[in-house]
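Take a look at the structure set out below.
2 protein chains.
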Amino acid sequence: MNIPRSSFPRIVIIGGGFAGISLAKKLKNKNVQVVLLDKHNYHTFQPLLYQVATGGLEAGSIAYPIRKVVQEYQDFYFRLANVKEIDTVHQKVLADIGDLHYDYLVIATGSKTNYFGNKDIENYSMAMKTIPQSLNIRSLILENFEQATLTNDIAERDALMNFVIVGGGPTGVELAGALAEMKKAILPKDYPDLDIRKMGIHLVQGSDRLLDAMSPKSSESAEKFLHSLGVSIWKNVRVTNYDGRTVTTGSDLTFETATVIWAAGVKGAAINGIQAEALIPRADRFKVNEYNQVLGYDNIFAVGDVASMISEKYPYGHPMMAQPAIQQGNLLAENLVKKIKNKPMKAFEYNDKGSMATIGRNKAVVDLPKMHFHGVFAWFVWMFVHLFSLIGFKNKAVVLMNWVYNYIKFDREGRLIIRPYKKKNIQSFTTDEI
Amino acid sequence: MNIPRSSFPRIVIIGGGFAGISLAKKLKNKNVQVVLLDKHNYHTFQPLLYQVATGGLEAGSIAYPIRKVVQEYQDFYFRLANVKEIDTVHQKVLADIGDLHYDYLVIATGSKTNYFGNKDIENYSMAMKTIPQSLNIRSLILENFEQATLTNDIAERDALMNFVIVGGGPTGVELAGALAEMKKAILPKDYPDLDIRKMGIHLVQGSDRLLDAMSPKSSESAEKFLHSLGVSIWKNVRVTNYDGRTVTTGSDLTFETATVIWAAGVKGAAINGIQAEALIPRADRFKVNEYNQVLGYDNIFAVGDVASMISEKYPYGHPMMAQPAIQQGNLLAENLVKKIKNKPMKAFEYNDKGSMATIGRNKAVVDLPKMHFHGVFAWFVWMFVHLFSLIGFKNKAVVLMNWVYNYIKFDREGRLIIRPYKKKNIQSFTTDEI
């Protein structure tokens with residue numbers, strides 16, 4: 001890789017998500033050379049992906065060019081790259097665009113969808129971790145309804161209008177709410193020749209409550225809200241397979257559907273080359289100490305979803321969410337500067353600011369460390385926090401304008417099939433057949 | 001196709017561009033059944049495609065869901081379809097989604113890029129007629145600069161930073177201006193390790209002036225504006241080939257470049273099944289009479305770019321632009337209603353409202369029927385007319401906000417590679433090789 005040698009030590013950061021970007025920002029002009037690698041040239045504001053998937057926001061409103069973030073930083077390099085492996089012996093990152101020596105390495109690769117080894121589900125269901133994936137979901141939803149207008153086969157049409165969301169965490173809950181709002185306000189007008197009442201929105205949760213990382217009160221409210229929106233909630237149901245047409249579960253329950261959105265689990269996006277002892281199997285997260293140092297290495301760090309910092313309070317590491325990632329990124333910047341100056345580093349302590357989820361129009365649930373609330377006020381809090389967290393004034397302004405417009409007009413104008421989603425080779429749902 | 005029979009005569013419109021949409025709007029609740037077919041589910045505001053290509057606007061801001069336009073019209077159907085052929089004997093449209101009987105057929109398929117039979121140019125150059133194509137150009141521009149940071153081969157880097165736009169009409173001129181603004185204000189900040197002064201923007205025109213459909217004064221001003229922005233203008237140059245690396249011309253002049261944008265010609269997007277006598281060869285436009293009836297047919301009409309209505313004033317038909325398309329669409333709605341009632345139709349007369357082009361920041365040229373002006377005022381007129389012409393309040397508001405933001409901040413935040421553009425198999429520019 002074409003990075004000039006500097007008199008400063010070189011920190012290589014892999015990943016421009018919440019952890020990587022907050023780290024990069026704090027390393028601005030700190031007498032270090034920083035090389036930031038990412039496979040996209042933009043930072044994604046993941047909490048709003050579901051609104052891109054359901055046409056409420058354009059992709060550009062929740063993406064921010066990474067080069068714009070770092071463009072005025074000294075001795076700072078961004079490279080668009082897929083990292084293949086770490087060579088810890090020679091202190092090198094091996095990527096598709098070449099090798100790069102590091103003095104300090106920070107792995108901030110985040111997480112990816114966990115299919116728990118099921119290849120069928122991986123092939124036939126939709127994930128919603130990236131902007132292209134969200135746009136694929138948007139295209140598929142709209143393509144389904146377009147196809148439903150074409151068929152006289154009732155079972156086929158029902159399957160096209162049936163949506164199964166697996167996973168009752170914030171992603172599944174928010175997506176189900178947004179789909180339900182589409183069903184109520186938009187689809188009946190757009191498809192007057194379809195009976196939209198027949199559209200099914202099924203939210204399938206393995207455990208006994210939705211949002212099971214939040215308070216029981218939030219779960220209860222979320223279920224009530226979704227129920228009132230017409231979402232079918234299936235608790236204690238474990239999905240066992242999906243062949244592109246039928247979802248099978250641990251019991252006799254099955255769903256006939258053209259669309260499964262898999263939000264049932266994530267795992268760390270670990271990379272190769274780190275010693276096996278440092279990796280938590282299945283979770284694919286790297287064990288880190290209180291300074292985010294990866295087990296067994298002095299100059300390799302991991303932050304965010306891919307890092308698991310085990311403590312008494314968090315025996316499985318911190319939740320895989322934006323907040324721990326941002327806080328770890330911020331502290332690690334300080335600690336790297338300290339370490340370079342041979343000063344002692346500061347131990348990380350997670351400041352849990354709470355969590356929240358929105359469920360359609362006017363409704364949200366918010367858990368703060370000492371209180372819970374839900375309803376309209378929670379919804380305003382949710383909007384304010386998300387708006388405020390977006391990078392860039394223009395994105396904030398455009399998102400706010402879209403929200404106000406969508407709210408007043410009961411509308412989402414992003415129902416555009418810009419890139420058709422090419423379904424895998426499933427006979428019964430190919431357009432050609434109809 | 002699954003369209004119920006109605007007691008009203010059925011009008012089938014192929015294409016939801018300027019002509020098709022204005023026709024559809026005027027046919028609202030007119031005691032006819034209307035079926036509108038398009039291969040996209042949105043209407044594209046083509047005059048602003050170049051701003052999507054250069055990251056100034058998001059795709060969603062210049063696209064509008066067709067179903068939203070027609071959602072409250074009675075006995076009105078939209079279908080996402082690729083039309084393959086017309087069976088004029090049985091009065092049927094043959095499409096990928098099935099056949100459809102028509103009582104009246106309106107061909108509003110617009111135009112497509114004309115490569116004048118050159119397959120190499122078609123394969124290796126970029127067109128800018130649709131939103132996906134514009135997004136491809138955006139991705140390619142950014143990918144080129146990302147790749148330029150990776151190579152030490154100077155010829156390679158120069159070719160990656162060299163842009164050749166073929167065709168000096170409004171599309172080429174506006175795109176060249178927008179690229180020049182990127183070169184000035186954005187790229188030097190985003191790519192501090194590249195010498196952006198080396199970026200070349202070449203605008204190649206076959207005739208002896210740019211904007212040769214406009215007034216000589218406008219040509220002159222446009223050339224002056226582009227010149228001051230650092231665009232290299234090549235007049236009287238005919239491009240003969242592009243092999244993915246080298247552009248050859250009618251003379252010794254060649255360009256080494258990774259990117260050719262082909263804006264040198266359009267032709268009608270004619271469809272099969274219409275008798276040969278009605279088609280103008282090479283131009284691929286259908287000959288229509290003053291009522292937009294296709295030569296030799298009583299109930300088949302063509303409007304917009306695909307129609308050529310020859311008159312004394314317009315011996316080659318009307319210019320292939322939005323205005324004639326909109327005006328023809330509007331009048332044809334009236335005429336179809338008249339025809340159904342056996343009343344005489346009204347002859348079309350083109351009301352030339354003038355034409356305009358913008359060239360970067362603060363500059364535009366405007367030709368009105370009786371006057372010409374250019375500069376800042378022309379630029380305001382350009383913006384006002386384009387804003388006003390966009391469908392939908394939200395698109396207008398979002399575009400305005402983006403323009404104000406981009407203007408004040410000298411910025412375009414849409415520099416996002418959402419879908420990487422996969423280059424054709426050109427050895428020297430594949431990422432893997434570097």
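Chains as they are written, first to last, in full-length UniProt numbering: chain G, 1 to 434; chain W, 1 to 434.
The beta-carbon is built from N, C-alpha and C at its ideal position, and this holds for glycine as well.
Subject >> Whole-angstrom distance between W:PRO216 and G:LYS409, CA atom to CA atom >> reply: 47 Å
Original post:
When the Cα atoms are used, what is the spatial distance from G:LEU80 to G:ILE186?
Top reply: Pairing G:LEU80 with G:ILE186, the inter-Cα distance amounts to about 38 Å.
**OP:** Starting from G:LEU400, follow the alpha helix (DSSP H) in both directions and report where the run begins and ends.
**Re:** Counting along the chain, G:LEU400 sits inside the alpha helix (DSSP H) bounded by residues 393 to 409.
**OP:** Measuring only between beta-carbons, confirm whether G:ASP432 sits less than 9 Å from chain W.
**Re:** With a pLDDT of only 41 at G:ASP432, under the threshold of 50, the placement of this residue in the model should not be trusted; the figure read from the coordinates follows. Answer yes: the Cβ-Cβ gap between G:ASP432 and chain W drops below 9 Å somewhere.
**OP:** Would you check if the distance between the CB atom of W:ARG285 and the CB atom of W:VAL260 is smaller than 9 Å?
**Re:** no
**OP:** Return the Cβ separation of G:THR248 and G:ARG238 in integer angstroms, given the expectation that the two are a contact with Cβ distance under 8 Å.
**Re:** Contact flag wrong, Cβ pair sits at about 10 Å.
Subject >> Near-chain G residues of the region 55 to 68 of chain W - C-beta to any C-beta below 8 Å >> reply: Using a CB distance below 8 Å, the part of the region 55 to 68 of chain W facing chain G consists of GLU58, ALA59, GLY60, SER61, ALA63, TYR64, PRO65, ARG67 and LYS68, ordered along the chain.
Subject >> Neighbourhood of W:LYS422 by C-beta distance below 8 Å, restricted to the same chain and skipping five residues each side >> reply: none
Original post:
Name the chain W residues that come within less than 9 Å of G:LYS394, Cβ to Cβ?
Top reply: MET401, ASN402, TYR405, ASN406, LYS409, ASP411 and GLU413
Original post:
Who are the neighbours of W:GLN51 on chain G, taking C-beta pairs under 9 Å?
Top reply: Here the premise fails: no neighbours, minimum Cβ distance about 12 Å.
**OP:** Please state if the CB of W:LEU179 and the CB of W:ILE359 are separated by a distance shorter than 9 Å.
**Re:** no
**OP:** Within the same chain, show all residues whose beta-carbon is closer than 6 Å to that of G:ILE418, passing over the 5 residues directly before and after it, in chain order.
**Re:** If the five residues before and after G:ILE418 are omitted, its C-beta is found closer than 6 Å to no C-beta atom of its own chain.
Original post:
Does the Cβ-Cβ distance between G:GLY304 and G:GLY17 come in under 9 Å?
Top reply: yes
Subject >> CA-to-CA distance, G:ARG209 to G:PRO220, given in whole angstroms >> reply: The displayed chain sequence assigns Glu, not Pro, to residue 220 of chain G. C-alpha of G:GLU220 to C-alpha of G:ARG209: approximately 8 Å in a straight line.
Original post:
Where does G:PRO65 sit, in a helix, a strand or coil, going by DSSP?
Top reply: strand
Subject >> Simplified DSSP state of W:ASN144, which is helix, strand or coil >> reply: helix
Original post:
So G:ALA269 packs on G:THR171, CB below 8 Å; how close in whole Å?
Top reply: With a Cβ gap of about 16 Å, G:ALA269 and G:THR171 do not count as contacting.
Original post:
Three or more beta-carbon pairs under 8 Å between the region 346 to 354 of chain W and the region 42 to 54 of chain W, yes or no?
Top reply: no
Original post:
Alpha carbon to alpha carbon, what distance is there between W:GLY329 and W:ILE13?
Top reply: 11 Å
**OP:** List the residues of chain G that W:GLU146 touches, going by C-beta distances under 8 Å, in chain order.
**Re:** ASN41, ARG79 and LEU80
Original post:
When burial is assigned at 16 or more other CB atoms within 10 Å of the CB, is G:ILE154 buried or exposed?
Top reply: G:ILE154 sits exposed, since fewer than 16 C-beta atoms from the chains shown fall within 10 Å of its C-beta.
Original post:
Is W:ARG238 helix, strand or coil when you go by DSSP?
Top reply: coil
**OP:** Check the C-beta distance from W:TYR191 over to W:THR149 and give it rounded, since I have them as a contact under 8 Å.
**Re:** The Cβ separation is near 6 Å, so the contact holds.
Original post:
How would you write the range of the alpha helix (DSSP H) that W:GLN327 sits in, first residue to last?
Top reply: That run of the alpha helix (DSSP H) goes 322 to 340.
**OP:** Determine, using beta-carbon pairs with one atom in the region 81 to 89 of chain G and one in the region 161 to 168 of chain G, whether at least three such pairs fall under 8 Å.
**Re:** no
**OP:** With a threshold of 16 other CB atoms inside 10 Å of the CB of W:ALA302, please say whether the residue is buried or exposed.
**Re:** It counts as buried.
Subject >> Spatial neighbours of W:MET371 in its chain, beta-carbon cut-off 8 Å, leaving aside the 5 residues before and after >> reply: none
**OP:** Out of G:PRO315, G:VAL106 and G:VAL204, state which residue places its alpha-carbon closest to the alpha-carbon of G:VAL294.
**Re:** Checked all of G:PRO315, G:VAL106 and G:VAL204; the closest Cα to G:VAL294 is G:VAL106.
**OP:** Determine, using beta carbons only, whether W:LEU27 and W:ALA108 come nearer to each other than 9 Å.
**Re:** With respect to the 9 Å criterion, W:LEU27 and W:ALA108 are not classified as neighbours on the basis of their beta carbons.
**OP:** Could you check what DSSP says for G:ILE186 in three-state terms: helix, strand or coil?
**Re:** Under the three-state reduction of DSSP, G:ILE186 is assigned to coil, being neither helix nor strand.
**OP:** Return the residue from the list W:PHE225, W:GLU156 and W:ASP103 that minimises the CA-CA distance to residue 435 of chain W.
**Re:** Nothing can be reported for residue 435 of chain W: it is not among the residues displayed for chain W, which extend from 1 to 434.
Original post:
Are any of the Cβ atoms in chain W nearer than 9 Å to that of G:ASP190?
Top reply: yes
Original post:
So what's W:GLN427 in DSSP terms, helix, strand or just coil?
Top reply: A caution first: W:GLN427 carries a pLDDT of 49, below 50, which makes its placement in the model unreliable, though a value can still be read off. DSSP places W:GLN427 in helix when its eight states are reduced to three.
Subject >> Opposing strand residues paired with W:ASP33 [DSSP bridges] >> reply: Looking at the sequence provided, one finds Gln at residue 33 of chain W rather than Asp. For W:GLN33, which the question treats as bridged, DSSP gives the partners W:ARG10.
**OP:** Could you please give the first and the last residue of the uninterrupted beta strand (DSSP E) stretch that includes G:ALA95?
**Re:** G:ALA95 -> beta strand (DSSP E) spans 92 to 95.
Original post:
Hey, quick one: how far does the alpha helix (DSSP H) through residue 518 of chain W stretch, first residue to last?
Top reply: Because chain W here runs from 1 to 434, residue 518 of chain W falls outside it and cannot be looked at.
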